[in-house]
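As they're listed, the protein sequences go chains A and B.
For the first sequence, position 33 (counting from the first letter as 1) is numbered 25 according to my numbering, and the numbering increases by one without interruption.
Every position in the second sequence, counted from 1, becomes a number in my numbering once 27 is added.
Notes follow once the structure below has been shown.
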Amino acid sequence: AQRVTQPEKLLSVFKGAPVELKCNYSYSGSPELFWYVQYSRQRLQLLLRHISRESIKGFTADLNKGETSFHLKKPFAQEEDSAMYYCALKGTGFQKLVFGTGTRLLVSP
Amino acid sequence: DAGVIQSPRHEVTEMGQEVTLRCKPISGHDYLFWYRQTMMRGLELLIYFNNNVPIDDSGMPEDRFSAKMPNASFSTLKIQPSEPRDSAVYFCASRFSDTQYFGPGTRLTVL
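Laid out in structure tokens, this is it:
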């Protein structure tokens, strides 16, 4: 079975503080992991994927197969980062994404 | 490009009524997904299509829910009869090269 767990429903930080949104997954094969973001009044959109190993808007995420985690990190949070963040998994040979329940990030001034 | 288009954006109906949600995917995308978003359960996949053919409908909650994709540019999700617990935001997404592009969603309220 494929499962994604985001243990925090809400993460509240101050501007300039480091941010880490946790994501753990359960999958016996080799997964593809994604982070999607939904800003207020905007559509859900892809933020980054692990195979690209890219930094988007200052965010990075490293796949840790030993810990089955794909945590999203940013060293200095900005107010415009406030949004809903979803971690998602795609299993090998599968076409669908399995999403976590999401974490709302609130960055205060 | 307007992206994925969904209609209506908001729907308020009474229990027992039929509800039809509509989606127009991005042209050229060969996969279409229907999701339901709730506070408690987050984003759940209901059904997805490949080249207009339903592939996996294991997420459809019960027989009251049905989905069709008569052609590459249109899909519907129907709930009949609707119940208050169906209240949620329903998203449609189409996919190109492993990236899903989401529509703005339809907020359904069943009274």
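Note that CB positions come from ideal geometry on N, CA and C, so glycine has one too.
The continuous beta strand (DSSP E) containing F129 (chain B) extends over residues T126 to F129. Beta bridge pairing from DSSP links D83 (chain B) with B:Y75.
By alpha-carbon distance to M67 (chain B), the top candidate from A:I43, A:P23, A:E0 and A:E24 is A:E0.
The beta carbon of L55 (chain A) lies closer than 6 angstroms to those of L25, H42 and F62 in the same chain, with the five residues before and after it left out. Three or more Cβ pairs drawn from the segment 75 to 82 of chain A and the segment 11 to 19 of chain A lie within less than 8 angstroms of each other, which places the two stretches in contact. A straight line joining the alpha-carbon of W27 (chain A) with that of T103 (chain B) spans about 27 angstroms. The segment 49 to 58 of chain B makes contact with the segment 88 to 108 of chain B, as at least three CB pairs between them are under 8 angstroms.
At least one beta carbon of chain B lies nearer than 7 angstroms to the beta carbon of R35 (chain A).
Listed along the chain, the chain A residues whose CB falls inside 9 angstroms of the CB of I82 (chain B) are Q87 and K88. Residue environment: M96 (chain B) is assigned as buried (16 or more neighbouring CB atoms within 10 Å of its CB, all protein chains considered). Under the 8 angstroms Cβ criterion, the segment 85 to 96 of chain A does not count as touching the segment 32 to 50 of chain B, having fewer than three qualifying pairs.
By the C-beta density criterion, Y117 (chain B) is buried, having at least 16 other C-beta atoms within 10 angstroms. According to DSSP, residue pairing for C50 (chain B) in a beta bridge involves B:Q33 and B:S102. Assigned with DSSP and collapsed to three states, R112 (chain B) falls in helix. Using a Cβ distance threshold of 7 angstroms, Y62 (chain B) and N77 (chain B) do not count as a contacting pair. In the structure shown, the three-state DSSP call for E71 (chain A) is helix. The C-beta distance from P101 (chain A) to P10 (chain A) rounds to 16 angstroms, too long to fall under 8 angstroms, and the pair is not in contact.
The residue from B:Q33, B:R49 and B:T126 with its alpha-carbon nearest to that of S93 (chain B) is B:R49. V99 (chain A) is positioned such that its CB atom lies no closer than 7 angstroms to that of K14 (chain A).
Not flagged as an interface residue toward chain B: L55 (chain A), since no C-beta distance is shorter than 7 angstroms. The C-alpha of L36 (chain A) is placed about 17 angstroms away from the C-alpha of Y75 (chain B). The beta carbons of S85 (chain B) and Q44 (chain B) sit no closer together than 7 angstroms.
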